[in-house]
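S.K.:
Number of protein chains: 2
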Amino acid sequence: MAEKAVGVGLIGLGTIGTGVVKVLAENASVIRERLGFPLRLVRVADLDTQRDRGVDLSGIRFDADALALIDDPAVDIVVELIGGYDVARDLILRSFERRKHVVTANKALLSLHGAEIFEAAARARVDIAFEASVCGGIPILRSMREGLVANRIESVAGIVNGTTNYVLSEMEHTGEDFDAVLARAQALGYAEADPSFDVDGIDAAQKLTLLAAMAFGARLTFKEVPTEGIRGLLPVDFEAADAFGLRIKLLGIARAHRDGAEERIEARVHPTLISKQSMLASVDGAMNAVAVSGNAVGRTLFYGAGAGEMPTASAVAADLVEIAREIRRGGAGRVAPLSYVPEALRERELVPLGERQGRCYLRFTAVDRPGVLAHIAGALGEHGIGIESVIQKGRAEIAEAVAVLMLTHPAREASVRSALEQIDRLPDVTAPTRLIRIEEDL
Amino acid sequence: MAEKAVGVGLIGLGTIGTGVVKVLAENASVIRERLGFPLRLVRVADLDTQRDRGVDLSGIRFDADALALIDDPAVDIVVELIGGYDVARDLILRSFERRKHVVTANKALLSLHGAEIFEAAARARVDIAFEASVCGGIPILRSMREGLVANRIESVAGIVNGTTNYVLSEMEHTGEDFDAVLARAQALGYAEADPSFDVDGIDAAQKLTLLAAMAFGARLTFKEVPTEGIRGLLPVDFEAADAFGLRIKLLGIARAHRDGAEERIEARVHPTLISKQSMLASVDGAMNAVAVSGNAVGRTLFYGAGAGEMPTASAVAADLVEIAREIRRGGAGRVAPLSYVPEALRERELVPLGERQGRCYLRFTAVDRPGVLAHIAGALGEHGIGIESVIQKGRAEIAEAVAVLMLTHPAREASVRSALEQIDRLPDVTAPTRLIRIEEDL
């Protein structure tokens, strides 16, 4: 095993980049025992060359010149870990021009400009790999692309954002409100100073976009995905969920709707109520899991750490190993990055949210006065929406008002929405009604 | 996409073989959209050519001649699904001689004669793939081989046998005894007429052997793995587990023990008590799951159907797709079958069970007479074993005796065993004591 190493250049020495340095150093011998030859980090570029990251970079060229790194003949594979859109896109496209393979964790870029990036890689006959961009250490992309390759995928549903799962788990366990839990998550480093990317569901929508593309061969960008975050959930929602045998999780959900030859897809991100018995409901704290159903394999689930220095670096390093094998064999393009060959990728019509059929949890906020529930129930009835269960609570958190917590029978979302418009105009209803969708088969 | 198909020959048209015919037919178009060219079943061999399997074999040559199938130039990949040792081994080796790639679900053969088979494949420069041999549809082998390739694997622990998980789940939910539940499992087709291969843990040991080999690069055969099945578990054990916040699962467990340069491995199959909070504890009925911990990725879990016609066929078909890609690219041997290159596979010393350190559940059967518990506790104390918790029950199922159900503090298994030898000789102890190991970190 004294062969020449494949050379890796790393752009972006932040948290994940530092993890990649550690994994390639600490696990060099086991990687070599599996790969048959060494994988060597030869060069690192970061604008900040001064900060001590606690890793040994001796023998590795380290400067701020990303372009020179890409041009360096010792670099066979470029790892892009700076994130964001413009600069990252330019660096990736330049790498392709120089016939360098690319590994990236950049879900934002790929879920918006993926089509351009993947086409450029194919044209240059180089590989692009991005396992680290979805659910950190969980090998979900390669499992969908290879392990489940012989299945028609029916659905993908996952807890794909660790920050929000941590916040929801804590709200459930402690009974505290959103702001208190978010502040603690920020103090512990589980949430960013500006948490909106996570708590508003954008990060989850980006990951779901890549999962849906791979599942269904759908050309899709994350901006098309209906997305609701976890703001506005109250402790009373968690209490009610518990009483109903349910648990609240922020899920990204994508499903195929096949009506004859036409195939539409459903893709959405929102807080979801699921049975406590489901495997997804057991996913606690900052962990991630993705449930994939295929027509042959049935239900599968993939669980692990969706973020963090070392888990994400594990995924980056796996991509490096895969590409290194191809370099050594003189090839590229073994598997299509989005699972389907480019000619098979298609625009797909998205099923509008209003067509969703399913149970809902509704939290009404109303003045505690006789007849209020009758008005609410009446409006629901006029729209053909049946009531399965109701809990009413007076709560200090909703001053001067009571929360009426209700489960509906399965109903079409457009009908529920128009009933809620009518209800929210009732004089005794003092705040907009909150709807949380219930999913049965997760 | 009008390229020539890669040709598949299938030997063994039983349950899984029939599933493979279905998956390749029903999912032909999606497989082609991902692979870029067709994968075509061209020939089937089975001794029984008469039985109606409910699948359309028109256009596929079907006879009883497995040798002619292997020799058929239209067959690029041979699928071996007859199982067992001798004939399967001969067919696989003959396929290699004819430069045919092989896909198999034969865990028995590979966990005993794997070294010979893998060496023969490498010598012939063809591929052998066996995802279907471990946990049916769950892509656990490719996840370990590729997704987690950059990790030192610390442990693998799984529910790898659906029959026993079904029996244990039913015993827990219904309170019925083993024989009643097993009879029902047999009636429902979840258990074979001769159930010993499953209920005695042999099937699980074979799968664990392959998982441990891939995790640690260990040359190992299943006959070396200490194996205990689920016979002899009583309803009282499930009641006690519940009271202690635990659940009983048949687990295959493999761990690396690294003391400096020396690496020993632990591999064992036995009923195990785990926390109800653990993801593995949520795996119900005939489902399977494998938890893998790596030094970078941390804890991961892979869940799905571990057996059955279509899930297992999903795994066979995934292997066919992977090999078809290699055939089209003119290569083989992209990834080492056991994850480590052959030169890196090593004999590893197994850690004796007596060295295990951990909590135990003990079920003592004793005459209900004052002083019995004192004698038991005394013997444990003499061996340095502390008692965490005790429940005593009079039970009709143990005539004339009571069950004393105990959790110990962490103790060395050799000490527990010698204490139990002493206790089982006490005149008031009327049946051998049952020990169930408790695992904390699963």
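Chains A and B, in that order, give the protein sequences. End of the first sequence = 442 in this note's numbering, gap-free, step of one. End of the second sequence = 442 in this note's numbering, gap-free, step of one. Glycine included, each C-beta is placed from N, C-alpha and C at the ideal position.
(1) Taking tyrosine 303 (chain B) as part of the beta strand (DSSP E), name the residues at either end of that continuous run.
(2) So, does the CB of leucine 301 (chain B) fall closer than 8 Å to a CB anywhere in chain A?
(3) Report the partner residues of alanine 366 (chain A) according to the DSSP bridge assignment.
(4) Specify the secondary structure class of asparagine 288 (chain A) as computed by DSSP and reduced to three states.
(5) Taking glutamate 326 (chain A) as part of the alpha helix (DSSP H), name the residues at either end of that continuous run.
(6) Apart from the five residues just before and just after lysine 22 (chain B), which ones in its own chain have a Cβ nearer than 8 Å to its Cβ?
(7) Please work out which residues of its chain come closer than 7 Å, Cβ to Cβ, to alanine 241 (chain A), disregarding the five sequence neighbours upstream and downstream, and give them in chain order.
(8) Would valine 499 (chain B) and isoleucine 77 (chain B) qualify as a contact pair, given that the criterion is a beta-carbon distance under 8 Å?
(9) Cβ of valine 103 (chain B) within 8 Å of Cβ of asparagine 288 (chain B)?
(10) Kindly indicate the opening and closing residues of the alpha helix (DSSP H) around proline 235 (chain A).
(11) Nearest chain A C-beta to isoleucine 31 (chain B) closer than 8 Å, yes or no?
(12) Out of B:Leu35, B:Ala218, B:Leu380, B:Thr18, point me to the one whose CA is closest to leucine 338 (chain B)'s CA.
(13) Work out the CA separation of glycine 306 (chain B) and alanine 25 (chain B) for me, nearest whole Å.
(14) What did DSSP end up calling alanine 2 (chain B) once you bin it into helix, strand or coil?
(15) Would you verify that the beta carbon of isoleucine 327 (chain A) is, or is not, closer than 8 Å to some beta carbon of chain B?
(16) With a threshold of 16 other CB atoms inside 10 Å of the CB of serine 266 (chain A), please say whether the residue is buried or exposed.
(17) In the DSSP output, which residue or residues are listed as bridge partners for serine 275 (chain A)?
(18) For glycine 36 (chain B), which residues in chain A fall below 7 Å Cβ to Cβ?
(19) What would DSSP say about threonine 49 (chain A), mapped onto helix, strand or coil?
(20) Within 10 angstroms of its Cβ, does glycine 260 (chain B) collect 16 or more other Cβ (buried), or is it exposed?
(21) Count the C-beta pairs between the stretch 409 to 416 of chain B and the stretch 353 to 360 of chain B that are closer than 8 Å, then say yes if the count reaches three, no if not.
(22) Taking Cβ positions only, does alanine 187 (chain B) come closer than 8 Å to chain A?
(23) Less than 8 Å separating the beta-carbons of aspartate 441 (chain A) and proline 432 (chain A)?
(24) Can you tell me which of the three DSSP states lysine 517 (chain B) falls into?
(25) Could you check whether the Cβ of leucine 251 (chain B) sits closer than 7 Å to any heavy atom belonging to the ligand FMN?
(26) When the cut-off is 8 Å and only beta carbons count, does alanine 105 (chain A) lie next to chain B?
(27) Would you tell me roughly how many angstroms separate the C-alpha atoms of proline 226 (chain A) and arginine 437 (chain A), rounded to the nearest one?
(28) Could you tell me whether any Cβ in chain A is nearer than 8 Å to the Cβ of alanine 157 (chain B)?
(29) Please name the residue, chosen from B:Leu110, B:Glu239, B:Phe178, B:Val126, that lies closest to leucine 208 (chain B) on a Cα-to-Cα basis.
(30) Could you give the first and the last residue of the continuous beta strand (DSSP E) run that contains arginine 61 (chain A)?
(31) For alanine 142 (chain A), would you say it is in contact with chain B, using Cβ-to-Cβ distances shorter than 8 Å as the test?
(32) Going by C-alpha distance, which of A:Ile153, A:Val181, A:Ala150, A:Gln277 is nearest threonine 163 (chain A)?
(33) What is the DSSP secondary structure of alanine 191 (chain A), reduced to helix, strand or coil?
(34) Tell me the rounded alpha-carbon separation between leucine 251 (chain B) and alanine 403 (chain A).
(35) Determine the direct distance from the alpha carbon of aspartate 203 (chain A) to that of alanine 396 (chain A), and round the result to whole angstroms.
(36) Quick one: is threonine 49 (chain A) buried, meaning 16 or more other Cβ sit within 10 Å of its Cβ, or exposed?
M.R.: A quick look at the data gives this:
(1) Note, tyrosine 303 (chain B): beta strand (DSSP E), 298 to 305.
(2) Chain A has a Cβ within less than 8 Å of the Cβ of leucine 301 (chain B).
(3) Under the DSSP definition of a beta bridge, alanine 366 (chain A) partners with A:Val402, A:Val429.
(4) Strand at asparagine 288 (chain A).
(5) Per DSSP, glutamate 326 (chain A) belongs to the alpha helix (DSSP H) from 309 to 328.
(6) So the list reads Val55, Glu309, Met310, Ala313, once near-sequence residues are dropped.
(7) The residues are Arg247, Ile248, Leu273.
(8) In the structure as shown, chain B starts at 1 and stops at 442, and residue 499 (chain B) therefore has no counterpart that could be examined.
(9) Taking 8 Å as the Cβ cut-off, valine 103 (chain B) and asparagine 288 (chain B) do not qualify as a contacting pair.
(10) Run containing proline 235 (chain A): 235 to 243, per the alpha helix (DSSP H) assignment.
(11) Yes, isoleucine 31 (chain B) counts as interfacial toward chain A.
(12) For the residues B:Leu35, B:Ala218, B:Leu380, B:Thr18, the minimum Cα distance to leucine 338 (chain B) belongs to B:Ala218.
(13) Cα-Cα distance, rounded: 22 Å.
(14) Its pLDDT being 49, under 50, alanine 2 (chain B) is placed unreliably by the model, and nothing is read from it.
(15) Isoleucine 327 (chain A) has a beta carbon lying at 8 Å or more from every beta carbon in chain B.
(16) One detail in the question is off: residue 266 (chain A) reads as glutamate in this sequence, not serine. Only buried fits glutamate 266 (chain A), as 16 or more other CB atoms lie within 10 angstroms of its CB.
(17) In the DSSP output, where bridge partners are listed per residue, serine 275 (chain A) has A:Leu246.
(18) Within 7 Å of the CB of glycine 36 (chain B), the CB atoms of chain A belong to Val341, in sequence order along the chain.
(19) Correct three-state label for threonine 49 (chain A): coil.
(20) Residue environment for glycine 260 (chain B): exposed (fewer than 16 other C-beta atoms within 10 angstroms of its C-beta).
(21) With the cut-off at 8 Å, the stretch 409 to 416 of chain B and the stretch 353 to 360 of chain B touch.
(22) No, alanine 187 (chain B) does not count as interfacial toward chain A.
(23) With respect to proline 432 (chain A), aspartate 441 (chain A) sits apart: the two C-beta atoms are not nearer than 8 Å.
(24) Since the first residue of chain B shown is 1 and the last is 442, residue 517 (chain B) is not available in this structure.
(25) What this structure holds is no ligand at all, so the ligand FMN is not there to describe.
(26) Answer no: the Cβ-Cβ gap between alanine 105 (chain A) and chain B never drops below 8 Å.
(27) The alpha-carbon separation between proline 226 (chain A) and arginine 437 (chain A) amounts to approximately 13 Å.
(28) Not closer than 8 Å to any Cβ of chain A, the Cβ of alanine 157 (chain B) fails to qualify, so no.
(29) When B:Leu110, B:Glu239, B:Phe178, B:Val126 are compared, the shortest CA-CA separation from leucine 208 (chain B) is found for B:Leu110.
(30) Counting along the chain, arginine 61 (chain A) sits inside the beta strand (DSSP E) bounded by residues 61 to 63.
(31) The question names alanine, but residue 142 (chain A) is arginine in the sequence shown. Closer than 8 Å: yes.
(32) Nearest of A:Ile153, A:Val181, A:Ala150, A:Gln277 to threonine 163 (chain A), Cα basis: A:Val181.
(33) Reduced to three states, the DSSP call for alanine 191 (chain A) is coil.
(34) Leucine 251 (chain B) and alanine 403 (chain A) have their C-alpha atoms roughly 46 Å apart.
(35) Here alanine 396 (chain A) scores only 48 on pLDDT, less than 50, and its place in the model is too uncertain to base an answer on.
(36) Exposed, because fewer than 16 other Cβ atoms sit within 10 Å of the Cβ of threonine 49 (chain A).
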